[in-house]
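Residue numbers (my numbering): 1262 to 1807.
Just so it is clear, CB atoms sit at the ideal spot from N, CA and C, and this is done for glycine as well.
Note that the structure is a prediction, hence the values are computed from the model and not measured.
Heads up, the thing below is written out as structure tokens.
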């Protein structure tokens, strides 16, 4: 499995002119969860440091991984034990450490649901608490994964995000978002109120203050009218915030009871609509000058409230139609609010610089990027960057005078202001909200296989793959983009390949392809597995003396 380290025992064999190992046993390195994943890429011989605000930790081991093809792979087998040592050593515990053979070393059986508990006394040790863990299957031992937990003291913020913002605004020299998190440069707040998750992107979540039942704090927030007065808008804005995590938000979170005790075995992905509580809010400043909380490296920051039911449409964006004549310009009261704008056109301003951006027209070879602005009063900038991770093909799909439907969050903009706009505000796009008006979607490309023995998606030794699209053939702007490693070409800009003609394959290959054309949405994804059926490898096993 990609990203997992194994130790393998086996026999020496021979294949294709080179020696190989024919495995008879293996053991994977442990993947710890505490209770949210510590770091799925934590490897032996590395010391991982994690900040925590918890008084007690419950650690478990992940027993399986589901890969991108949807197949679940078991990492450990029945009888496998997790051996561990808890200590306050600064240095990592090594494989040959004598403590593995003393009463300092304890063990659990992960497949029986057993977990490791780290107590408040252990967390509050002067040097923090270190756990060294390895998996043992029979006589096989994995490498040692070592994690040190540093207990961070945090000031409780009891009621709302507005209270957190008020406290954060009293700080001087607010650190930048990119600054490393430590107790020297950051103030930590423990949010003990309740908040609802409204949006999730790879590195950001967008949350809104609620009570523990998911209800908004005031009735005005259920009003989706664009006629909200300034005070009402400000109230909504004050109780919403973005939280950044450079490790991403595609990790599981744990459920807790109202008394704060962990509900074992309840780990699940964070989802829109979840009510979360008891997490660290670290005030930092984004590159746009906005106050953004930061939760990087906190392994015990978020808890899914167990048994809470949330109405999915409790909070809706403020809806605007760019064809109306009464669309107002954004003000400070709109900041951090979510807007849905229909039938809006976009203007594009070239930013000159050294280098060439992909898909830049031939007569714009000195252009390195574009700034997009919305054609509504105030001309706010359209952010197609990292805040809400908008579609990376936005500059390709953009077409002059094409009406779009957009949804995003209003934020402050700091930077070079294009001529003809006030430049103070921008709209950070929600990822899937970039829609086209009255434009047909191209058809997905057709993937075919030809060559000796090619039939029903299989072939003997080599075969030729051909991609076809009537859209790409009939439009000079349309192209077919594909990958050969099973990744999604719409998301893997570094791996996707522009189709120029048939190509050969000589192994099991997953081809994924789509059509991209200026001024239209992307086509659906075509997805095909081609299987090589020939067996042309001879094994001569050199058995060790029995």
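CA nearest to the CA of residue i, picked from the options
i            : options                : result
residue 1312 : 1562, 1787, 1553, 1729 : 1562
residue 1284 : 1273, 1264, 1530, 1391 : 1273
residue 1389 : 1380, 1707, 1396, 1395 : 1380
residue 1531 : 1472, 1544, 1456       : 1456
residue 1450 : 1576, 1424, 1433, 1596 : 1424
residue 1354 : 1306, 1368, 1323       : 1306
residue 1382 : 1316, 1752, 1323, 1779 : 1316
residue 1678 : 1711, 1719, 1634, 1708 : 1634
residue 1442 : 1413, 1691, 1286, 1749 : 1413
residue 1794 : 1708, 1716, 1361       : 1716
residue 1660 : 1702, 1707, 1608       : 1608
residue 1729 : 1771, 1578, 1763       : 1763
residue 1702 : 1675, 1731, 1712, 1709 : 1731
residue 1454 : 1757, 1519, 1466       : 1519
residue 1402 : 1411, 1337, 1429       : 1337
residue 1475 : 1537, 1526, 1462       : 1537
residue 1300 : 1430, 1511, 1374       : 1511
residue 1721 : 1693, 1792, 1750, 1269 : 1792
residue 1578 : 1501, 1611, 1275       : 1501
residue 1384 : 1364, 1400, 1411       : 1411
residue 1610 : 1328, 1584, 1644, 1415 : 1644
Local Cβ density within 10 Å of residue i, reported as buried at 16 or more and exposed below that
i            : result
residue 1404 : buried
residue 1787 : buried
residue 1278 : exposed
residue 1271 : exposed
residue 1426 : buried
residue 1483 : Note on residue 1483: pLDDT 48, under 50, position unreliable in the model; no value is reported.
residue 1499 : buried
residue 1503 : buried
residue 1691 : buried
residue 1529 : exposed
residue 1709 : exposed
residue 1694 : buried
residue 1783 : buried
residue 1773 : buried
residue 1658 : buried
residue 1707 : exposed
DSSP bridge partner residues for residue i (one or two, in chain order)
i            : result
residue 1311 : 1410
residue 1658 : Answer is none; residue 1658 lacks a bridge partner.
residue 1457 : 1469, 1536
residue 1274 : 1281
residue 1770 : 1791
residue 1611 : 1631
residue 1669 : 1600, 1690
residue 1559 : 1312
residue 1298 : 1294
residue 1523 : 1517
residue 1501 : 1469
residue 1447 : DSSP output for residue 1447 lists no bridge partner at all.
residue 1704 : Residue 1704 pairs with nothing; no bridge assigned.
residue 1649 : Looking at the DSSP assignment, residue 1649 forms no beta bridge with any residue, so it has no partner.
Close Cβ partners of residue i (< 7 Å) along its chain, the five nearest in sequence each way excluded
i            : result
residue 1339 : 1372
residue 1619 : Below a pLDDT of 50, predicted positions are generally treated as unreliable, and residue 1619, at 41, falls in that range; no measurement from the model is reported.
residue 1367 : 1345
residue 1330 : 1747
residue 1291 : 1322, 1343, 1394, 1395, 1396, 1403, 1406
residue 1674 : 1549, 1642, 1684, 1685, 1686, 1687
Other residues of its chain near residue i: CB distance less than 6 Å, five sequence neighbours each side excluded
i            : result
residue 1565 : 1514, 1516, 1535
residue 1670 : 1599, 1689
residue 1386 : 1349
residue 1391 : 1348, 1350, 1409
residue 1672 : 1549, 1551, 1687, 1689
residue 1767 : 1723
residue 1547 : 1438, 1553
residue 1785 : 1705
residue 1262 : 1326, 1334
residue 1771 : 1747, 1790
residue 1319 : 1296, 1376, 1378, 1523
Contact set for residue i: own chain, Cβ-Cβ below 8 Å, skip 5 residues either direction
i            : result
residue 1582 : 1588, 1602, 1603, 1604
residue 1440 : 1446, 1447, 1545
residue 1370 : 1340, 1341, 1342, 1343
residue 1363 : none
Residue i CB to nearest heavy atom of the ligand ATP below 6 Å
i            : result
residue 1463 : Absence of the ligand ATP is noted for the structure shown, with no ligands found whatsoever.
Beta carbon proximity, residue i to chain C, threshold 7 Å
i            : result
residue 1731 : In summary, chain C is missing from the structure at hand, where a single protein chain is found.
Segment contact, 8 Å Cβ cut-off, at least three pairs: the region 1664 to 1672 with the region 1693 to 1703: Yes, the region 1664 to 1672 touches the region 1693 to 1703.
The region 1587 to 1605 contacting the region 1637 to 1645, beta-carbon criterion three pairs below 8 Å: In this structure the region 1587 to 1605 touches the region 1637 to 1645; the number of beta carbon pairs closer than 8 Å is three or more.
Meets three-Cβ-pair contact criterion under 8 Å: the region 1310 to 1330 and the region 1542 to 1561: They touch, by the three-pair rule.
Given 8 Å, three or more beta-carbon pairs between the region 1737 to 1755 and the region 1765 to 1781: Yes, the region 1737 to 1755 is in contact with the region 1765 to 1781.
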